[in-house]
Every structure is written in C-alpha cells, then in structure tokens.
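**Student:**
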Amino acid sequence: MAKSSDVKDLKLAPEGKSRILWADNDMPVLRLIRQRFEKEKPLKGIKLGACLHVTAETANLCRTLQAGGADMVLCASNPLSTQDDVAASLVKDFGLKVYAIRAENRDTYYKHINITCEFEPAITIDDGADLVNSMHTDMAKYSGNVIASMEETTTGIVRLRAMEEAGALKFPVIAVNDADCKHLFDNRYGTGQSTLDGIVRATDALLAGTRLVVVGYGWCGRGVAMRGRGQGANVIVCEVNPVRALEAVMDGYLVMPMAEAAKVGNIFVTVTGDKNVIDVPHFRKMRDGAIVCNSGHFNVELNLTGLEKIASKINRGIRTLVDEYVLAGGKRVFVLGEGRLVNLACAHGHPASVMDMSFAVQALSAEYAVKNAGRLPIKVNPVPAEIDAWVASLKLKSMDVAIDKLTAEQKAYLSSSHMGT
Ligand code: ADE
C-alpha cells in the first residue's frame, strides 16, 4: 500500500504556500475558472491523475481541479523540475496526494508514476506522456477507467501521435499543447524567457555580445532566439526543416549546420525534441568555456554519455547544476542542469502569467472531457476552438486590453462569395 504522499519535507510548506499564492496573483483566468468550478463542481467524483512539473503554477491548476470536485493525485513529469516547497504545501495546505521529490532517481520517478496509475484515474493530465505510456504498458491494467487524457507538451504529442498511428492508443487524448492559447504563448514567450532565466541563474553570464546558438526553430526555439536577440546576443539558428530554416533566415538570424555553429558558439541551447542533436564531434569543435544546455522535454538532446567518454576530467557541481567537462588540451565545456530542461532545473520554469493560459486550457479541457465522456474518438483530439477564444478574451480583459468587433456589414462581407471588386 503506497504512502498517501511522498515529498521531501513537509516543513517546507510555508515557503511553498506563499509562492503558490504569489503565482496566483498572475493567474486571473485560472482564478475565474476556479471560482466557477467551486459553484458548479463539473469534476465532482472524478479521479484525476496528473503527471506535471510540480511548480507553483501547477499547484494553482491543482487547486482549480480540486475546486471542481476532482479527487487528485499529482506526480512529477521530470526528476529535476519539482519544487519541494510547493509539493509540501500542496500536501499540507491543500490536501493533495503528491508523489514528487526534486532530484529523485529513475526508480523513484517511475514508482511515483506507478502509484498515480494505481489510483485508477478517470482523467489524466500529462507533460511528456510518461503517465499515458505507463498506462499503456507496465500499468495497463489500471487504465480501464480513463475517459480521456490531456497532453501539455510538444514531445508528448509526438509520442501520442506515434501511438495513434501504430493503432496502440487505448483512450482519447486532448492535445492541449496544440491549442493556440497554449503553444503560441507558453512555448514561445514562456520558454523564451525562462530558458534565458535558467542560463543566467546558473552562470551569471552576460548575454550581450555572446554568440547564442539555438538548435531547433519551432515555437520554443523562436522564443529563445527572439529573447536572446533582445538581450543583445548574436543569435545563430540550427534547423533541419527547410521551411523553418528559411523563416529563421528571414527573421534575421544566421543559419548554419551544427558542425559550423559548434566552432563559433559561446552558449548553446537545444529545443528540438530529438536525440543527440549536439553530439561528440560537435563537442570536440567547441571553444573553451562553451556553455551547453537543453530546454527540450527529455534529457536526450545532448549526447552527455559521449561527452563523458571523451572528457579527461569531469568536475561536477562547480556551481549549482553546472558540470565542467575538461577535454583534450584542457578545453572546458560547461553543461547546465545535467542536460535536463534548463528553465525548470536551473530556474522556476515559465512565469505564472503565461502558465495561466496553458492551465486555463487544461482545466477547461478536463471539464469538456468529462461532459463528453464516451463520445470522444480514440485519437489525439484538438481542443475545441471555443476554449481558445474564451481564454484569449479573458486574458485580454485581465490586461485591460479592449479590441474591436466586426460590424454586421463586415460579417456579411466575410460570409459572402459575391462581393468582389
Ligand atoms: N512548464 C514550463 N514552465 C512551467 C511551470 N512554471 N509550471 C508547470 N509547467 C511548466
């Protein structure tokens, strides 16, 4: 029988609680949903299992789902992203069942996911699809109650689409990541800011004048490149997709293959979702003092096993979460956050204001899934367009931004095929 929670130290709860309430100040859309959920209880009696980064922002999502009547278990979606004070407060102050300890090893990480599966949730929320994957493999016998699963991140969607294509998916998925109010804001502005935040907190580096190599020009890469340029870095983009590479060129960045960028870059950030995008030949070419990190979901983008093999010496923790690899001739490469997502390992992840939108979409998608139980097709489903429109409108309102409405004449014009020149 599993413990009712597994967190680092309940004595950390007061600090966690104040950080959760501070984040809530910047989550007005989620707060409105919480107030409605408190009255309407759309998730009453629903068992909900969430595998998410355990942060102050996630805590406010959990409070909202609980307010809606959900009975919840939360586990970590990455071993290095858990904020132990938040986990403690969720248990102590908000009565949640939490299984997450920062820097937990692989066994504990999966033990916590397994406990979440054994809870036999009706709704699951995932960030990276580790929970859904377990519910399709080792823990499949606990998946019988699942109505639907929400997925938060691009990497998770890629995995789930592969399962759908292989005919392996057993329950409907809602692609929260693909909602406009999620990826256009969280992936771009959230990752853009929090990645640089992680690099700066870990290193105290000045970005102005550095050559910042951004590997991958999806929404996350665009955000990192844009914010890097804003800080005065000379941004180089590496990309395999010709259309995206062309966009990067026309957005004004230098574009080149990794083999070339490796020779000139000062700071490297991977945001591709793929494996070994910075590999041994690239590490060999780097300049002394190169800083290397990853902001993609899994710690596979940097070939650290290969780097270890070619290093003559490794000095772990020369600063918090900075490892120094000494290569032939004494050249040094600094790796941040053990190659795990630098924004959550070395900083606090995306700011609350942007998570407000992502988690508003999550909460409303959970409500939609429960309302449509048994009717959603077993595939990766889009978030309904009304949810996007509603979240964007309320976010604008919370920012005191008003916009125009179409006149009746304009609406008629747009819906007519007859009105040409
Ligand atoms: N993903 C990126 N930033 C996050 C945050 N602050 N909370 C939860 N998930 C995140």
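Numbering (the numbering used here), first residue to last: 66 to 486. We treat Cβ as the ideally placed atom computed from N, Cα and C, and that holds for glycine. None of these values were measured; they are calculated from a predicted model.
(1) Report the option in 365, 216, 292 and 272 whose CA atom is closest to the CA atom of residue 446.
(2) Are the beta-carbon atoms belonging to residue 94 and residue 459 less than 7 Å from one another?
(3) Please classify residue 473 as buried or exposed, where buried requires at least 16 other C-beta atoms within 10 Å of its C-beta.
(4) Which complete beta strand (DSSP E) runs does the segment 395-457 hold, if anything under 3 residues is left out?
(5) Might you give, ordered along the chain, the residues of its own chain that have their beta carbon closer than 8 Å to the beta carbon of residue 395, omitting 5 neighbours on each side?
(6) State the beta-bridge partners of residue 389 as determined by DSSP.
(7) Quick check: does the Cβ of residue 414 come within less than 6 Å of any heavy atom belonging to the ligand ADE?
(8) Beta carbon of residue 229: closer than 6 Å to some heavy atom of the ligand ADE?
(9) Quick one, are the C-beta atoms of residue 184 and residue 138 less than 7 Å apart?
(10) Roughly how many whole angstroms lie between the Cα atoms of residue 192 and residue 481?
(11) For the ligand ADE, I want to know if residue 122 counts as a neighbour, meaning its beta carbon is within less than 6 Å of at least one of the ligand's heavy atoms.
(12) So what's residue 164 in DSSP terms, helix, strand or just coil?
(13) Within the segment 248-324, note down every full beta strand (DSSP E) run reaching 3 residues or more, in order along the chain.
(14) Measure how close the beta-carbons of residue 200 and residue 189 come, nearest whole angstrom, since I'm counting them as under 8 Å.
(15) Starting from residue 159 and walking both ways along the alpha helix (DSSP H), at which residues does that stretch end?
(16) Would the beta-carbon of residue 88 fall within 7 Å of that of residue 121?
(17) Measuring only from the beta carbon, is residue 323 closer than 6 Å to any heavy atom that is part of the ligand ADE?
(18) Using the beta-carbon count (16 or more within 10 Å), is residue 92 buried or exposed?
(19) By a C-beta neighbour count over all protein chains shown, 10 Å radius and 16 as the cutoff for buried, is residue 398 buried or exposed?
(20) Examine the Cβ distances between the segment 405-418 and the segment 370-379 and report whether three or more of them are shorter than 8 Å.
(21) Give me the DSSP bridge partner(s) of residue 139.
(22) In the structure shown, what three-state DSSP assignment does residue 214 receive?
(23) Would you say the beta carbon of residue 420 is closer than 6 Å to some non-hydrogen atom of the ligand ADE?
(24) Look at the Cβ atom of residue 263, then the Cβ atom of residue 407, and state whether they are nearer than 7 Å.
(25) Could you tell me the alpha carbon to alpha carbon distance between residue 186 and residue 141, rounded to whole angstroms?
(26) Across which residues does DSSP place residue 507 in a beta bridge pair?
(27) In three-state terms, what does DSSP make of residue 468?
(28) How is the alpha helix (DSSP H) around residue 223 delimited, first residue to last?
(29) Sort out for me which residues DSSP pairs residue 367 with in a bridge.
(30) Shortest alpha-carbon distance to residue 349 belongs to which of 337, 339 and 329?
(31) Just checking residue 118 against the ligand ADE - is the residue's beta carbon closer than 6 Å to any of the ligand's heavy atoms?
(32) Do residue 298 and residue 275 have their C-beta atoms closer together than 7 Å?
(33) Under 8 Å, with one C-beta from each stretch per pair, do the segment 425-439 and the segment 203-216 reach the 3-pair mark?
(34) Where does residue 233 sit, in a helix, a strand or coil, going by DSSP?
(35) On a CA-only basis, which of 67, 76, 345 and 457 is nearest residue 250? Give me that one, please.
(36) Where do the ends of the beta strand (DSSP E) carrying residue 240 lie?
**Tutor:** Looking at the atomic coordinates:
(1) The sequence position of residue 446 within the sequence shown is 381, counting from 1. Of the candidates 365, 216, 292 and 272, the one whose C-alpha sits nearest the C-alpha of residue 446 is 216.
(2) As a working note, residue 94 is residue 29 in the sequence shown. As a working note, residue 459 is residue 394 in the sequence shown. Yes, these two residues count as a Cβ contact at 7 Å.
(3) To locate residue 473, count along the sequence shown from 1; it is residue 408. Answer is exposed; the Cβ neighbour count stays below 16.
(4) 397-401
(5) Within the sequence shown, numbered from 1, the residue matching residue 395 stands at position 330. So the qualifying residues of the chain are 353.
(6) Against the sequence shown, residue 389 aligns to sequence position 324. 380 and 399, per the DSSP bridge assignment.
(7) The residue you call residue 414 lines up with position 349 of the sequence shown. Indeed, a heavy atom of the ligand ADE lies less than 6 Å from the Cβ.
(8) Numbered from its first residue, the sequence shown carries residue 229 at position 164. It does not: the Cβ of residue 229 is nowhere closer than 6 Å to a heavy atom of the ligand ADE.
(9) By one-based count along the sequence shown, residue 184 stands at place 119. By one-based count along the sequence shown, residue 138 stands at place 73. Yes, they are a contact pair.
(10) Walking along the sequence shown from the start, residue 192 turns up at place 127. Walking along the sequence shown from the start, residue 481 turns up at place 416. Distance between the alpha carbons of residue 192 and residue 481: 43 Å.
(11) What you label residue 122 is simply residue 57 of the sequence shown in a count that begins at 1. Yes; taking the cut-off as 6 Å, the Cβ of residue 122 has a heavy atom of the ligand ADE nearer than that.
(12) Taking the first residue of the sequence shown as position 1, residue 164 is located at position 99. DSSP places residue 164 in strand when its eight states are reduced to three.
(13) 276-280 and 299-303
(14) The sequence position of residue 200 within the sequence shown is 135, counting from 1. The sequence position of residue 189 within the sequence shown is 124, counting from 1. Yes, residue 200 and residue 189 are in contact; Cβ-Cβ is about 7 Å, under 8 Å.
(15) In the sequence shown, residue 159 corresponds to position 94, counting from 1. Premise fails: residue 159 is in no alpha helix (DSSP H) and is neither H nor E.
(16) As a position in the sequence shown, residue 88 is number 23, starting the count at 1. As a position in the sequence shown, residue 121 is number 56, starting the count at 1. Yes, they are a contact pair.
(17) Residue numbering aside, residue 323 sits at position 258 when the sequence shown is read from its first letter. False, no ligand heavy atom lies under 6 Å from that Cβ.
(18) For the purposes of this step, residue 92 is taken as the residue at position 27 of the sequence shown. Buried, by the Cβ-count rule.
(19) Residue 398 sits at position 333 when you count from the first residue of the sequence shown. Residue 398 is buried by the Cβ-count criterion.
(20) no
(21) In the sequence shown, the residue the question calls residue 139 occupies position 74. Paired residue(s): 115 and 163.
(22) Taking the sequence shown and counting its residues from 1, the one referred to as residue 214 is at position 149. The answer is strand: DSSP assigns residue 214 an E or B state.
(23) The residue you call residue 420 lines up with position 355 of the sequence shown. Result yes, Cβ under 6 Å from the ligand ADE.
(24) What you label residue 263 is simply residue 198 of the sequence shown in a count that begins at 1. What you label residue 407 is simply residue 342 of the sequence shown in a count that begins at 1. Yes, these two residues count as a Cβ contact at 7 Å.
(25) The residue labelled residue 186 in the question sits at position 121 within the sequence shown. The residue labelled residue 141 in the question sits at position 76 within the sequence shown. The straight-line gap from Cα to Cα measures roughly 16 Å.
(26) The question about residue 507 has no answer, for the chain in this structure spans 66 to 486.
(27) Locating residue 468 in the sequence shown gives position 403, counting from the first residue. DSSP places residue 468 in coil when its eight states are reduced to three.
(28) Numbered from its first residue, the sequence shown carries residue 223 at position 158. Residue 223 -> alpha helix (DSSP H) spans 219-230.
(29) Within the sequence shown, the letter at position 302 stands for residue 367. Its beta-bridge partners are 343.
(30) Locating residue 349 in the sequence shown gives position 284, where the first residue counts as 1. Answer by Cα proximity: 329.
(31) What you label residue 118 is simply residue 53 of the sequence shown in a count that begins at 1. Residue 118 Cβ: within cutoff of the ligand ADE.
(32) Position 233 of the sequence shown, counted from the first residue, corresponds to residue 298. Position 210 of the sequence shown, counted from the first residue, corresponds to residue 275. In contact: residue 298 and residue 275 (Cβ atoms closer than 7 Å).
(33) yes
(34) Within the sequence shown, residue 233 is the residue found at index 168, counting from 1. Reduced to three states, the DSSP call for residue 233 is coil.
(35) Locating residue 250 in the sequence shown gives position 185, where the first residue counts as 1. For residue 250, the nearest C-alpha among the options comes from 457.
(36) Your numbering for residue 240 matches position 175 in the sequence shown. Residue 240 -> beta strand (DSSP E) spans 238-240.
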